[in-house]
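K.L.:
Okay, handing you the structure first.
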Amino acid sequence: MFCSGCRCRAALWGCDVEALTSLAYGFSVAATPFNLMLALVGAALGTAIGALPGIGPINAIVLLLPFCFSLNLPPESALIMLAGLYYGSGYGGRISSILLNIPGDPGLAMTTIDGYPLAQQGRGAAALAISGIGSFIGGTLTVVLLTFLAVPLARLAVSFGPSEYVALMVMSFALLSTMGGGRMAKTWAAIAVGLLLAMVGIDGGSGVERFTFGSLELLGGIDFTTLTIGLFAVSEILVVVEGLRTGKVAEFSGGERLRTPEVIRCLPAMLRSTGIGFFAGILPGTGAAVASALAYTAEKRISDRGTFGKGDMRGLAAPETADNAAQTASMVPMLALGIPGSGTTAVLLGALLLYSITPGPLLFTQRPEIAWGLIASMYIGNVMLLVLNLPLVGLFARLLLVPYWILFPAILALSYAGVYAATNSAFELVLTTIIGVIAYGMRKLEVPLIPLLIAFVLERLLEDNLRRALSLSDGSPVILFTSPFAIVFWLLAALVVLLPLIAPRFRARVRDLSEGEES
Amino acid sequence: MTRSLLLMGAALLAPGLAWAQEFQPTNPECIAPAAPGGGFDLTCRLTSQELNELGIVEPTIRTTNMPGGIGAVAYNEIQASRRDDPNVIVAVSTGSWVNLAQGKFGRFSENDVRWLGAVGADYGVLAVPADSRFQTLDDFVAALKEDPASVAIGAGGTVGSQDWMKAALVAQAAGADPTAMRYLSYEGGGEALAALLGGTIEALPGDASEMLGQLEAGEIRVLATFSDERLDGAYADVPTAKEQGYDVQWPIVRGFYAPPDISDEAYAYWTNALTELNASPEWQQARAEQGLYEYSLVGAEFDAFAKQQTASFRELAESVGLPTTGE
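Each protein sequence line maps, in turn, to chains V and S.
Each residue of the first sequence is one higher than the one before, counting from 1 in UniProt numbering.
Each residue of the second sequence is one higher than the one before, counting from 1 in UniProt numbering.
Here it is as structure tokens:
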């Protein structure tokens, strides 16, 4: 009786009414005092855990999962709490990204680009507030879309074949390459290094060892946490230490509060980024890293007047909105089809299996209290996080008032603890340090680190899908250009790379022509 | 019933219990050597949960995911840095032995770990989308016979993996060339399922339990189960491959191994834990709810079974023209 928008292929209006009825039922499940409390606990814990460097949503959920069982929570309550934890950790991760230039998970790498300069200008609290508002808008709009269109959207997402993924990845790389402004060669070099680092280890397709140099420790590849902490935390601290010696450290002051016109100015960026984040999020496998990278680079294309990268609010709002939109959208294939769209949703699905609930298209009809309770809790969770986070931004920003000689050793210790917790290997600690020193050198040479990290994350998707596409086509690359989606991505990629080369000449010619006419 | 009572009695009375008291794991860990959401992940989480709930293992067992090479990365990680860690068990399935036989786990062989025991078995199935052109296994075989490359088959394993082997055995039984099949490799069953529902691949030789939700929802059609007899529940109407004239059987045994250099006390602790688990009615119910069937080989028997399986897969791989370790 609570059939969702899912099975319904009747008139759209009928569908919507049905979705609304089901949603109302969902709220009756999610809004019980007990479940509200669990959502709050999840959101608060998630914020706290996410704020630790190197610990992302997956680790947070995996850590909390056993508690749900030992407390004998019913499945819908457990899921509501875990989901709260999931988006809560995204909120927490912003704190270290913006204030300390250390992204906690791949989706937050882009946040540092404009977030950290804002913090350096003393506007850390304002930056945290705008990213909170962006996350709220991205998350809430996505839940609305999810409520009404989950099934058709999930169908569209799974119809993405290997050639579409390859084209999407190439487009992402093309957009990434424009990030460094005039330093395109350095950006491409960073992308290449990221791709190569991702290839270290046993190749899943053939079992061949790549770039391991006979080292057993490298067989498993380089862990994401190791790379992020090395690239950002270690190198950042080296830069700060150098600044202390030469007296070049940025001053952190209380700074101005966020003003309403600033929020309004960011709204178009937030809406665009919700769309991008949603699209990237529903595709199985892509997720928040792709979403925020695409949103930032697209927004830079649209709005940049030389202010991006120097503390532009829109450059912060875009990736933050997209990150949350993608996180929520990755629930779409999980709820509608029982297919995990990301590592985190796979863990959530695993939690369902532990409760002996078979995830799949029948979830909405067989266990509506779980499916709709979860969806309703997403609305509630987003509001909760905004309410929880906005009053606290001033407090979070005060973190920077802690003296360096306490703050930075503490960060370093937490970071290394995070690496060890994620990998259980002392070798990774050494690797983190080596990467950190190299990253410091790259920063001195002005090689951008963000494209390196994003390329590292995307390599697997690119390589696996390229292989699949080529085995479908018997090795013919034509397959990469045959679907409409793929063609659009390729054209966009070509446009992004070629436009900066052609545009100045074109502009010059237009100027010549018009000058010629005048004379 | 009597058998399980006997086993339980044995587990309680055996001198193993004295050992078990000597060894207690601290911060025990179950490594699922694949991304979350697939069979390995489920084996780990479900077993850990029941072991903890039944009080067989006191400290909470945490599950970690170590994807890569369908178990190769985890196997090498154990060899590289945790050879004597008594607090870790790693999920293993028939698929791992298939890869071991082909030398895909690096330079290590089936003699390099300690095989603990099995907790259940799944069976291979051949799934196609509900609107597929294939109605029966015969249709599928006919298409393969005509042109093995005309059907895009995909699953959560590489060429030569157990999922590939299932399809290869069908092709072989029909007289088609398995190495000419068009096969796409995915990391984990979830990704492959998305590709099947999205139409990228036409057939998915998967596991019965992984496909259950989609079968119940009518999203997929299962052409055959690779079991000796028909499976129950939603699979009751699905004929076995044997019924349809192709003698292909593929049980997927799910179990665990431990690092090679752990003490005999630790080995006994874990094998006793698994024996006790297999005998408990709670586990039997949980196992059934996950679509798994009984398969309770533990300790020395499981060790022999693992080695014998690996050897027979080595032969099988040679017969379908794949490179092997040739041991």
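Just so you know, even glycine gets a beta-carbon here, dropped at the ideal spot from N, CA and C.
Would you mind reading off the limits of the beta strand (DSSP E) that contains V:Thr-260?
P.N.:
That residue, V:Thr-260, is in no beta strand (DSSP E); its alpha helix (DSSP H) goes 260-282.
K.L.:
Any beta-carbon of chain V closer than 8 Å to the one on S:Gln-49?
P.N.:
Output row for S:Gln-49: interface = yes.
K.L.:
Using the beta-carbon of each residue, which ones in chain V are nearer than 8 Å to S:Asn-87?
P.N.:
Residues of chain V passing the Cβ test: none, with the nearest at roughly 11 Å.
K.L.:
Relative to the alpha-carbon of S:Leu-51, which residue among V:Ala-318, V:Thr-482, V:Phe-69 and V:Val-193 has its alpha-carbon at the smallest distance?
P.N.:
Taking only the C-alpha atoms, the option nearest S:Leu-51 is V:Phe-69.
K.L.:
Would V:Leu-429 pass as an interface residue toward chain S - the criterion being a Cβ-Cβ separation below 8 Å?
P.N.:
It does not; no Cβ of chain S falls within 8 Å.
K.L.:
To the nearest angstrom, how far is the alpha carbon of V:Leu-108 from that of V:Thr-321?
P.N.:
Each residue's alpha carbon lies about 11 Å from the other.
K.L.:
Please determine, among V:Ile-55, V:Tyr-25, V:Leu-20 and V:Pro-75, the residue with the shortest C-alpha to C-alpha distance to V:Leu-348.
P.N.:
Closest option to V:Leu-348, Cα to Cα, is V:Pro-75.
K.L.:
First and last residue of the alpha helix (DSSP H) that includes S:Tyr-235?
P.N.:
Neither: S:Tyr-235 is in no alpha helix (DSSP H) and is coded neither H nor E.
K.L.:
Near V:Ser-292, which residues of its chain fall below 6 Å by C-beta distance, leaving aside the five closest residues on each side in sequence?
P.N.:
Contacts found: Gly-107, Met-110, Pro-319, Ala-322 and Asp-323.
K.L.:
Which first and last residues belong to the alpha helix (DSSP H) in which V:Leu-40 is found?
P.N.:
From DSSP, the alpha helix (DSSP H) with V:Leu-40 extends over 33-51.
K.L.:
As a quick exercise: from V:Leu-498, V:Trp-490 and V:Ala-494, pick the residue whose alpha carbon is nearest that of V:Val-166.
P.N.:
Looking at the Cα atoms, V:Trp-490 is the closest of the given residues.
K.L.:
Can you list, in chain order, the residues of its chain with a C-beta nearer than 7 Å to that of S:Tyr-186? Leave out the 5 residues immediately preceding and following it.
P.N.:
If we look at S:Tyr-186 and ignore the five residues flanking it on each side, its Cβ neighbours are Gly-154, Ala-155, Gly-156, Ala-192 and Ala-195.
K.L.:
Identify the continuous alpha helix (DSSP H) that holds S:Phe-108 and give its terminal residues.
P.N.:
Segment: none, S:Phe-108 is in no alpha helix (DSSP H) and carries neither H nor E.
K.L.:
List the DSSP bridge partners of S:Gly-154.
P.N.:
Per DSSP, S:Leu-184.
K.L.:
If you draw a straight line from the C-alpha of V:Met-37 to the C-alpha of V:Ala-326, how long is it?
P.N.:
C-alpha separation (whole angstroms): 25 Å.
K.L.:
Would DSSP call V:Asn-59 helix, strand or coil?
P.N.:
Reduced to three states, the DSSP call for V:Asn-59 is helix.
K.L.:
List, in chain order, every chain S residue whose beta-carbon is nearer than 7 Å to that of V:Arg-468.
P.N.:
Chain S residues near V:Arg-468: Leu-184.
K.L.:
Pick helix, strand or coil for S:Ile-89, following the three-state DSSP scheme.
P.N.:
It is a strand residue.
K.L.:
Since V:Gly-201 and V:Gly-220 are thought to touch, with beta carbons under 8 Å apart, how far apart are those beta carbons, to the nearest angstrom?
P.N.:
Contact flag correct, Cβ pair sits at about 6 Å.
K.L.:
So is V:Ser-464 in contact with chain S if we call contact Cβ pairs under 8 Å?
P.N.:
Looking at the sequence shown, residue 464 of chain V is not Ser but Asp. Taking Cβ atoms only, chain S reaches closer than 8 Å to V:Asp-464, which makes this a yes.
K.L.:
Going along the chain, which residues of its own chain have a beta-carbon closer than 8 Å to the beta-carbon of S:Ile-262, five neighbours each way excluded?
P.N.:
The answer, listed in chain order, is Asp-84, Asp-85, Pro-86 and Arg-114.
K.L.:
Let me check understanding here. Comparing Cα to Cα, which of V:Ala-376, V:Ile-133 and V:Thr-21 lies closest to V:Thr-274?
P.N.:
The shortest C-alpha separation from V:Thr-274 is found at V:Ile-133.
K.L.:
Cβ atoms of V:Gly-311 and residue 520 of chain V: under 8 Å apart, would you say?
P.N.:
The requested residue 520 of chain V is not part of the displayed model; chain V covers only 1 to 519.
K.L.:
Does the beta carbon of S:Asp-177 come closer than 8 Å to any beta carbon on chain V?
P.N.:
So no, S:Asp-177 is outside the interface.
K.L.:
At which residues does the beta strand (DSSP E) containing S:Thr-63 begin and terminate?
P.N.:
Here the beta strand (DSSP E) through S:Thr-63 covers 62-65.
K.L.:
Compare the beta carbon distance of S:Ile-201 and S:Asp-122 with 8 Å and say whether it is the shorter of the two.
P.N.:
Not in contact: S:Ile-201 and S:Asp-122 (Cβ atoms no closer than 8 Å).
K.L.:
Can you tell me whether V:Ile-222 is helix, strand or coil according to DSSP?
P.N.:
Three-state result, V:Ile-222: coil.
K.L.:
Counting only C-beta atoms, is V:Ile-339 closer than 8 Å to chain S at any point?
P.N.:
V:Ile-339 counts as touching chain S.
K.L.:
Could you give the residue range of the alpha helix (DSSP H) that holds V:Glu-236?
P.N.:
Where V:Glu-236 is concerned, the enclosing alpha helix (DSSP H) stretches over 235-246.
K.L.:
By Cβ distance, which residues of its chain are closer than 6 Å to S:Leu-169, with the 5 residues on each side in sequence left out?
P.N.:
These residues qualify, in order along the chain: Val-248.
K.L.:
Buried or exposed: where does V:Ser-135 fall if 16 or more other Cβ atoms within 10 Å of its Cβ makes it buried?
P.N.:
Flag for V:Ser-135 reads buried.
K.L.:
Check whether chain A comes within 8 Å of S:Asp-84, counting only Cβ atoms and requiring the distance to be less than that.
P.N.:
Absence of chain A from the displayed structure is noted, the protein chains being V and S.
K.L.:
When DSSP labels each residue in this structure, what does S:Gly-9 get in the three-state scheme?
P.N.:
Note that S:Gly-9 scores 46 on pLDDT, short of 50, meaning its location in the model is unreliable and no value can be drawn from it.
K.L.:
For the beta strand (DSSP E) containing S:Tyr-257, list its first residue and its last residue.
P.N.:
251-258 is the span of the beta strand (DSSP E), which, as asked, contains S:Tyr-257.
K.L.:
Identify every residue that forms a DSSP beta bridge with S:Thr-225.
P.N.:
The partner list for S:Thr-225 (beta bridge, DSSP) reads S:Val-125 and S:Thr-240.
K.L.:
From this set, S:Gln-24, S:Glu-216 and S:Pro-28, which residue's C-alpha is nearest V:Leu-362's C-alpha?
P.N.:
Here the closest residue by C-alpha is S:Glu-216.
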